[in-house]
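A.B. asks:
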Amino acid sequence: MKRFDYVRASELTPACKAASVEGAAFIGGGTNLLDLMKFEIETPIKLVDITQLELKQVEPTVAGGLRIGALVTNSDLAAHPSVIENYPVLSRAILAGATGQLRNKATTGGNFLQRTRCYYFYQPDSPCNKRNPGSGCPSINGENRSLAILGTSEHCIAQHPSDMAVAMRLLDATLETQKADGSTRQIAIKDFYQLPKDTPHIETVLEAGEMITHIILPPQTAGMHTYDKIRDRASYAFALVSCAAVIDADETGTLTTVRLAFGGIGTQPWRNEAVEDALVGTKGGIPDIVHAANILLEQAQGWGQNDFKITLTRRLLKQIIQRALAAKDA
1 MKRFDYVRAS ELTPACKAAS VEGAAFIGGG TNLLDLMKFE IETPIKLVDI
51 TQLELKQVEP TVAGGLRIGA LVTNSDLAAH PSVIENYPVL SRAILAGATG
101 QLRNKATTGG NFLQRTRCYY FYQPDSPCNK RNPGSGCPSI NGENRSLAIL
151 GTSEHCIAQH PSDMAVAMRL LDATLETQKA DGSTRQIAIK DFYQLPKDTP
201 HIETVLEAGE MITHIILPPQ TAGMHTYDKI RDRASYAFAL VSCAAVIDAD
251 ETGTLTTVRL AFGGIGTQPW RNEAVEDALV GTKGGIPDIV HAANILLEQA
301 QGWGQNDFKI TLTRRLLKQI IQRALAAKDA
């Protein structure tokens, strides 16, 4: 690990100013950043410690939603009574990630900024367009079992690793940020992440020194909330395919609400509203599910070892829709 300066911030605007210089970075929980620094993948010249800032509250909004401070830990957010009651899909997604020890330390804001777990990204002596733009992407013809099949480019096929962000995408979360000049803005999560295209090293729309301060959730959506995660082992493993869902049906078995967001298959938390539109108003029969899956996977591309994700995603979608309808009948 290389040497760096360390600053402990007590106010928001000075923290953003301190982190706006080239090579500086914020540190909250640090559960991903410290690993990257040990591998010398991230080499900040200055760390701005934001853990003393007043960003640890979970509060109701006037609109009936929830406003979450960026420094709320993953464990506290998953266990918050309002999250359990109104956004159980979020609680389940968080608890499906990492380990209890990591969730106790990791923060909500930092979770949005996790870096990919692509093997080549974590191998400093390997080419990687995300780590070293223009150096190449050996994963395309290499070890790509865990990598993305949607939103990829010829320059990068790295998957987004977060479970929490998948549920946040499903719930239409909005991120509040503050910049170094003191201005603030709100960013819908659908606009927060960028596809790799020819600049895979640019992952979000955040500017230098811009900090996520809060996350706003809209009022709850009624229906069955679920988060299904398929992985190689039961704990401490990233998703091969995951799906956050809120599904409801009327007394005739017709689907009235369908929200779906997927993890493990995209270069960002993946949602395609056309898939949801295709299912609403149907009985969720096999032809309906196949049609929806075809829409979801129309642009999917396997890279050899991860070809199985296409079939696995179809099966997961079928399982979730049929389980929701069966629960409605019970």
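Using UniProt numbering, read the sequence shown as starting at 1 and increasing by one per residue.
C-beta: ideal position from N, C-alpha, C; glycine also.
Predicted, not measured: the structure shown is a model, and the values here were computed from it.
Which residue from N306, T254, A239, P218 puts its Cα closest to that of I68?
C.D. replies: Among N306, T254, A239, P218, the Cα nearest to that of I68 belongs to P218.
A.B. asks: If you draw a straight line from the C-alpha of L255 to the C-alpha of L296, how long is it?
C.D. replies: One C-alpha to the other measures close to 18 Å.
A.B. asks: Give a yes or no on whether the C-beta atoms belonging to G30 and I50 are separated by under 8 Å.
C.D. replies: Taking 8 Å as the Cβ cut-off, G30 and I50 do not qualify as a contacting pair.
A.B. asks: With DSSP collapsed to three states, give me the class of F121.
C.D. replies: Here F121 sits in coil by DSSP.
A.B. asks: Short of 6 Å in beta carbon distance, which residues of its chain neighbour I212, apart from the five on each side in sequence? Order them along the chain.
C.D. replies: If we look at I212 and ignore the five residues flanking it on each side, its Cβ neighbours are A70, G109, L175, T177.
A.B. asks: Using a Cβ-Cβ cut-off of 6 Å (strictly less than) and excluding sequence neighbours within five positions of residue 334, which residues of its own chain qualify?
C.D. replies: With the chain represented from 1 up to 330, any question about residue 334 goes unanswered, as that position is not in the structure.
A.B. asks: Mind pulling the alpha helix (DSSP H) runs of 4 or more residues that sit fully within the stretch 229-308?
C.D. replies: Complete alpha helix (DSSP H) runs here, min 4: 273-279, 286-296.
A.B. asks: Between R8 and Q57, how many whole angstroms is the CB-CB distance? I'm expecting something under 8 Å.
C.D. replies: Not really, about 20 Å apart at Cβ, beyond 8 Å.
A.B. asks: Under the rule that 16 or more other beta-carbon atoms within 10 Å means buried, what is Y193, buried or exposed?
C.D. replies: Per the 10 Å Cβ criterion, buried.
A.B. asks: Between the Cα of Q159 and the Cα atoms of A327, L147, L170, M168, which residue gives the shortest distance?
C.D. replies: When each option's Cα is compared against that of Q159, the closest is L147.
A.B. asks: So what's D198 in DSSP terms, helix, strand or just coil?
C.D. replies: The answer is coil: DSSP assigns D198 none of H, G, I, E or B.
A.B. asks: Just to confirm the assignment, what range does the alpha helix (DSSP H) spanning residue 332 have?
C.D. replies: For the chain, the structure presents residues 1 to 330; residue 332 sits outside this window and is missing.
A.B. asks: Among E11, D198, A167, whose alpha-carbon lies nearest the alpha-carbon of C243?
C.D. replies: Closest option to C243, Cα to Cα, is A167.
A.B. asks: So does the stretch 94-104 actually touch the stretch 70-82, counting three or more Cβ pairs closer than 8 Å?
C.D. replies: Contact holds: three or more Cβ-Cβ distances are below 8 Å.
A.B. asks: Taking DSSP as the reference, what is the three-state secondary structure of K46?
C.D. replies: Looking at K46 - three-state DSSP - the assignment turns out to be strand.
A.B. asks: In terms of residue numbering, what span does the alpha helix (DSSP H) encompassing D35 cover?
C.D. replies: Looking at the DSSP string, the run of the alpha helix (DSSP H) that includes D35 is 33-38.
A.B. asks: Is it right to say T152 is buried, meaning 16 or more other beta carbons lie within 10 angstroms of its own, or is it exposed?
C.D. replies: Buried, because 16 or more other Cβ atoms sit within 10 Å of the Cβ of T152.
A.B. asks: Go ahead and pull the three-state DSSP assignment for P138.
C.D. replies: Helix, per DSSP.
A.B. asks: Please state the DSSP three-state secondary structure of I187.
C.D. replies: Of the three classes helix, strand and coil, the one that applies to I187 here is strand, per DSSP.
A.B. asks: Tell me which residue opens and which closes the alpha helix (DSSP H) that P14 is part of.
C.D. replies: That run of the alpha helix (DSSP H) goes 12-18.
A.B. asks: From which residue to which residue does the alpha helix (DSSP H) around L102 run?
C.D. replies: Per DSSP, L102 belongs to the alpha helix (DSSP H) from 100-105.
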